[in-house]
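**Q** Same order as they appear, the protein sequences are chains A and B.
For the first sequence, the UniProt record's numbering assigns the number 1 to the initial residue and increments by one for each residue that follows.
For the second sequence, the UniProt record's numbering assigns the number 1 to the initial residue and increments by one for each residue that follows.
Built from N, CA and C at the ideal position, the CB exists for glycine as well.
Protein chains: 2
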Amino acid sequence: MATARTRRSPRRTDALSRERIVEAAVELLDTAGEGGLTFRALTERLATGPGAIYWHVANKDELLDAATDAVVAAALAAECLEPPKPTKRADPTKPTKPAESPDSPQDKIRAIAFGLFDAIEDHPWLPTQLALQLSRSPWGSVTPRIFESVGRQVRALGVPEGHWFTAASALVHYILGAAGQNAANNASARTLAPGVDRAQFLDAASKAWQELDPDDYPFIHAVAAQMREHDDREQFLAGIDVVLTGITALHLPGERGRT
Amino acid sequence: MATARTRRSPRRTDALSRERIVEAAVELLDTAGEGGLTFRALTERLATGPGAIYWHVANKDELLDAATDAVVAAALAAECLEPPKPTKRADPTKPTKPAESPDSPQDKIRAIAFGLFDAIEDHPWLPTQLALQLSRSPWGSVTPRIFESVGRQVRALGVPEGHWFTAASALVHYILGAAGQNAANNASARTLAPGVDRAQFLDAASKAWQELDPDDYPFIHAVAAQMREHDDREQFLAGIDVVLTGITALHLPGERGRT
DNA sequence: ACCTGAACACCGTTCAAGT
DNA sequence: ACCTGAACACCGTTCAAGT
C-alpha cells in the first residue's frame with residue numbers, strides 16, 4: 001500500500017554483511033517468533049531488497065542455520081567463563097553430594113547445560129530450529145559444538161575412551177530434550193495468555209492432565225500434582241544428575257575416576 | 001497447465017473423513033518428505049478441493065498434529081504386544097545384567113523406546129513434527145501418550161512417587177533426543193546420496209569430523225572413529241541403560257525396589 | 001451436512017539491470 | 001563486487017455457491 005511509512009532505520013550508511021543479516025534475523029525471531037522471520041520483514045529492517053540478502057546468504061535455511069549457530073556458540077562461550085548459577089531457591093533439605101571440588105567436570109557439565117537452558121529461554125525458537133537443522137544436516141555446525149563442550153568434561157570425568165561416545169550422547173540428548181520441553185512450556189505460557197505467569201500456566205496444564213481419563217492415563221493422573229509444583233531448573237538439574245550418576249556407575253572404573 | 005493428467009484415483013466413491021485425510025497426509029509425508037505435504041497434493045490425492053479438507057480439519061498445523069499423533073499412538077500400541085526385538089548382532093562379549101526377569105520393567109522400557117525408534121525410522125519427519133507440536137502445545141496429545149507409557153514402567157520399577165516425574169522425564173527426553181538424532185542421520189544418508197548405505201554415510205560423516213580443527217575440537221577428533229563404527233541400536237540401548245542405571249542408583253531405596 | 005473451486009494474501013526466490 | 005526491485009511460482013486459507 002502507498003502509506004508513507006515512518007522509516008524505521010535511517011538510510012543505511014554501513015554496508016550490509018552476513019553478520020548484520022544474521023543479527024537482524026535473530027532479533028526478528030526473538031521479537032516476532034518463528035513466523036516473523038520473513039525476507040520481506042528482513043528487507044524492511046535492513047532497508048534493502050531481497051537480492052541484497054541473497055548475495056550474502058544462499059537461502060532461508062542457511063540463514064536459519066547461521067542464526068541457530070550464532071546463538072548456540074554464544075551460549076557455550078558464555079558458560080565457559082561464568083560459574084554455574086545456583087538454583088534460585090536454595091533447598092537446604094537436599095544436601096548435594098559433598099565430595100565434589102568446586103570446578104569438577106560435573107559442575108562444568110551443569111554449567112554447559114544451564115548455558116543452553118538459558119539461551120533457549122531467551123530464544124524460544126531455538127529447539128525447533130535445532131531439530132530442523134538436525135534433520136537437514138545432522139552433523140552440521142551446532143551438534144559438534146555442543147558435543148565437543150560436553151565431551152571434554154566426559155573425558156575429564158575419567159570415562160574410559162571406549163565409552164566416550166555413549167556417555168556424551170546420553171548427556172547431549174537429555175540436555176537438548178529437557179531444555180526443549182521447557183522452552184515449549186515457556187513459549188506456550190506466553191502465547192496462551194500473555195499476562196499469565198508460569199505458575200498459573202503450570203496450574204492449568206496440571207489441571208488438563210488431571211482431566212484425562214484415569215483409566216487410560218493412570219500415571220499422568222498420579223503425577224499431575226508433581227508437575228504443578230515442579231521448579232524447572234531444579235528438575236532439569238535432577239535429570240542431569242540421573243544421567244551423570246548412570247555414567248559414573250556404568251563407565252567409571254573405580255569410585256573416583258580422576259587420575 | 002492444461003496437460004490431461006492420468007487421474008491417479010478413480011472418482012472417489014467413499015466419503016471423505018478426518019481419518020482418511022490424516023492417513024493420506026502420513027503417506028505423503030512418508031513418500032514426499034516434509035515439504036511434500038501440501039494442500040494441493042492432498043486434494044489431488046484425495047480427488048477433492050481444499051474446502052473439503054478444511055471441513056474436516058481446522059488448518060495445516062492441526063493436520064500435522066493429527067498425523068504425528070496417529071503414528072506415535074500406533075508405535076506405542078504395537079510395542080505393548082510384541083516382545084522387544086533383540087539387537088541384530090548379538091554380542092556375547094558383553095553379558096547383560098543377568099538378574100532381570102524376561103518382562104522386567106527395564107525390558108518394557110526398552111521395548112517402548114525401540115517402538116518409537118522404529119517408528120521414527122519409518123517416518124523420518126516425526127522428530128521435527130514432534131518438536132513443532134511441542135512448541136505449539138507442550139502438553140498436547142503426544143507428550144502425555146509417551147509419558148504415560150514410560151511412566152508406568154518407572155512406577156513398576158519401584159521408584160518412589162516423589163521421583164516419578166524426574167525419572168520419567170529423564171527417560172523420555174533421552175529417548176526422543178536420541179531417536180531424533182538417529183532419524184536425522186538416516187534421512188541425511190538417504191538425501192545426500194540415495195544409493196549410498198548407512199556405513200558409507202557414517203564413513204563420510206566421520207571423515208568430516210576428523211577434518212575439524214583438532215585445536216578447536218579435540219574431543220570430536222578423538223571420537224570420530226567410534227562414531228564410524230557405532231551400531232545405532234546398540235548405542236541407543238546403551239544410552240537407555242545409562243539413564244536406567246542412574247534412576248536405579250539415585251531413586252531406588254535398596255538394591256531391588258520391587259515390593 | 002458436506003463438498004466445489006475460483007480467488008486472495010503472502011511467501012521464498014530469481015534475475016535483468018544498475019552502481 | 002555489491003545492491004535494487006519488479007516479477008514468478010507456489011503456498012495456506014477463505015468463501016460464495018452448489019448438492
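1. Alpha carbon to alpha carbon, how far is Glu79 (chain B) from Pro50 (chain B)? Give it in angstroms, no decimals.
2. Is there a Cβ of chain A sitting closer than 8 Å to that of Arg152 (chain B), yes or no?
3. By how many angstroms is the C-alpha of Ala205 (chain A) removed from the C-alpha of Glu121 (chain A)?
4. How many angstroms separate the CA atom of Ala67 (chain B) from the CA atom of Ala24 (chain B)?
5. Any Cβ of chain B within less than 8 Å of the Cβ of Ala238 (chain A)?
6. Taking 8 Å as the threshold (beta carbon to beta carbon), is Ser104 (chain A) in contact with chain B?
7. So, helix, strand or coil for Ala243 (chain A), using DSSP?
8. Excluding five sequence neighbours on each side, which residues of the same chain lie with their C-beta closer than 6 Å to the C-beta of Leu157 (chain B)?
9. Near Ser17 (chain B), which residues of its chain fall below 7 Å by C-beta distance, leaving aside the five closest residues on each side in sequence?
10. Give every residue of the same chain whose Cβ lies closer than 6 Å to the Cβ of Ser149 (chain B), excluding the five residues on either side of it in the sequence, and list them in chain order.
11. Rounded to a whole number of angstroms, what is the C-alpha to C-alpha distance between Pro98 (chain B) and Leu244 (chain B)?
12. Are three or more beta carbon pairs between the segment 200-220 of chain A and the segment 140-148 of chain A nearer than 8 Å?
13. Which whole runs of the alpha helix (DSSP H) in the segment 11-56 of chain B are 4 residues long or more, in chain order?
14. Is Tyr54 (chain B) buried or exposed, if buried means 16 or more other CB atoms sit within 10 Å of its CB?
15. Assuming Gln129 (chain B) contacts His173 (chain A) (C-beta within less than 8 Å), just tell me the rounded distance between them.
16. Give every residue of the same chain whose Cβ lies closer than 7 Å to the Cβ of Val242 (chain A), excluding the five residues on either side of it in the sequence, and list them in chain order.
17. Give me, in chain order, the residues of the same chain whose beta-carbon lies closer than 7 Å to that of Asp232 (chain A); leave out the 5 immediate sequence neighbours on both sides.
18. Can you look up Glu211 (chain A) in the DSSP assignment and give me helix, strand or coil?
19. For Leu176 (chain B), which residues of its own chain have a beta-carbon under 8 Å away from its beta-carbon, when the five flanking residues on both sides are left out?
20. Could you tell me how far apart the beta carbons of Thr166 (chain A) and Gly246 (chain B) are, in whole angstroms, since I believe they sit closer than 8 Å?
21. For Ala249 (chain A), return the contacting residues in chain B, with the cut-off set at a CB-CB distance below 8 Å.
22. From the beta carbon of Tyr217 (chain B), is the nearest beta carbon of chain A less than 8 Å away?
23. For Ile220 (chain B), which residues in chain A fall below 8 Å Cβ to Cβ?
24. Taking a cut of 7 Å between CB atoms, which residues from the segment 113-144 of chain B lie near chain A?
25. Which residues in chain B have a C-beta closer than 8 Å to the C-beta of Asn59 (chain A)? List them in chain order.
26. For chain B, check one thing: does any of its Cβ atoms lie closer than 8 Å to the Cβ of Val223 (chain A)?
27. Does DSSP put His251 (chain A) in a helix, a strand or coil?
28. Here's a check: name, in chain order, each residue in its chain whose Cβ is nearer than 6 Å to the Cβ of Leu46 (chain B), leaving out the five neighbours to either side.
29. For Gly151 (chain B), is the classification buried or exposed, using 16 other Cβ atoms within 10 angstroms of its Cβ as the cut-off for buried?
30. Secondary structure at His173 (chain B), three-state DSSP: helix, strand or coil?
31. Please classify Asp213 (chain B) as buried or exposed, where buried requires at least 16 neighbouring CB atoms within 10 angstroms.
32. Find out if the Cβ-Cβ distance for the pair Val223 (chain A), Trp164 (chain B) is shorter than 8 Å.
33. Using 8 Å as the limit for Cβ to Cβ distance, is Trp55 (chain B) near chain A?
**A** Looking at the atomic coordinates:
1. Each residue's alpha carbon lies about 36 Å from the other.
2. Answer yes: the Cβ-Cβ gap between Arg152 (chain B) and chain A drops below 8 Å somewhere.
3. If I take the Cα positions, the gap works out to 19 Å.
4. Taking the straight line from one Cα to the other gives about 9 Å.
5. Yes - at least one Cβ of chain B is within 8 Å of the one on Ala238 (chain A).
6. For Ser104 (chain A), no Cβ of chain B is located within less than 8 Å of the residue's own Cβ.
7. Sequence inspection shows Val at residue 243 (chain A); the Ala mentioned does not correspond to that position. Of the three classes helix, strand and coil, the one that applies to Val243 (chain A) here is helix, per DSSP.
8. Non-local beta-carbon contacts of Leu157 (chain B) in its own chain, meaning distances under 6 Å to residues more than five positions away in sequence, involve Pro105 in chain order.
9. For Ser17 (chain B), the CB contacts under 7 Å within the same chain, skipping 5 residues up- and downstream, are His56 in chain order.
10. Apart from sequence neighbours up to five positions away, the residues of its chain that approach Ser149 (chain B) with a beta-carbon distance below 6 Å are Leu76 and Ile112, ordered along the chain.
11. Confidence is the limiting factor: at Pro98 (chain B) the pLDDT is only 49, short of 50, which leaves the residue's position unreliable, though a coordinate-based value still follows. Cα to Cα, Pro98 (chain B) sits roughly 15 Å from Leu244 (chain B).
12. Too few Cβ pairs lie closer than 8 Å, so no.
13. Counting whole runs of 4 or more residues, the segment 11-56 of chain B contains the alpha helix (DSSP H) stretches 18-32, 39-46 and 50-56.
14. Label assigned to Tyr54 (chain B): exposed.
15. About 18 Å separates the two Cβ atoms, so there is no contact after all.
16. Once the five neighbours on either side are set aside, Val242 (chain A) has no close Cβ partner at all.
17. Listed in chain order, the non-local C-beta contacts of Asp232 (chain A) below 7 Å within the same chain comprise Asn182, local neighbours out to five positions each way being set aside.
18. Looking at Glu211 (chain A) - three-state DSSP - the assignment turns out to be coil, as it is neither helix nor strand.
19. Within the same chain, Leu176 (chain B) has close Cβ partners Leu116, Pro127, Leu130 and Ile146.
20. In this structure Thr166 (chain A) does not touch Gly246 (chain B) by the C-beta definition: roughly 13 Å separates them, more than the 8 Å allowed.
21. Listed by position along chain B, the residues whose Cβ is nearer than 8 Å to that of Ala249 (chain A) are Thr245, Gly246 and Ala249.
22. Yes, because at least one Cβ of chain A sits closer than 8 Å to the Cβ of Tyr217 (chain B).
23. Close partners of Ile220 (chain B) in chain A (Cβ separation under 8 Å): Pro144, Phe147, Glu148 and Gly151.
24. Residues of the segment 113-144 of chain B with a C-beta atom less than 7 Å from some C-beta of chain A are Pro127, Thr128, Ala131, Leu132, Leu134, Ser135, Ser137, Pro138, Trp139 and Pro144, listed in chain order.
25. Against chain B, the beta carbon of Asn59 (chain A) has no neighbour under 8 Å; the closest one sits roughly 13 Å away.
26. Output row for Val223 (chain A): interface = yes.
27. It is helical.
28. So the qualifying residues of the chain are Ala24.
29. Gly151 (chain B) counts as buried, since at least 16 other C-beta atoms from the protein chains shown sit within 10 angstroms of its C-beta.
30. Reduced to three states, the DSSP call for His173 (chain B) is helix.
31. By the neighbour-count rule (16 or more Cβ atoms within 10 Å), Asp213 (chain B) is not buried but exposed.
32. It is a contact, given that the beta carbons lie within the stated cut-off.
33. So no, Trp55 (chain B) is outside the interface.
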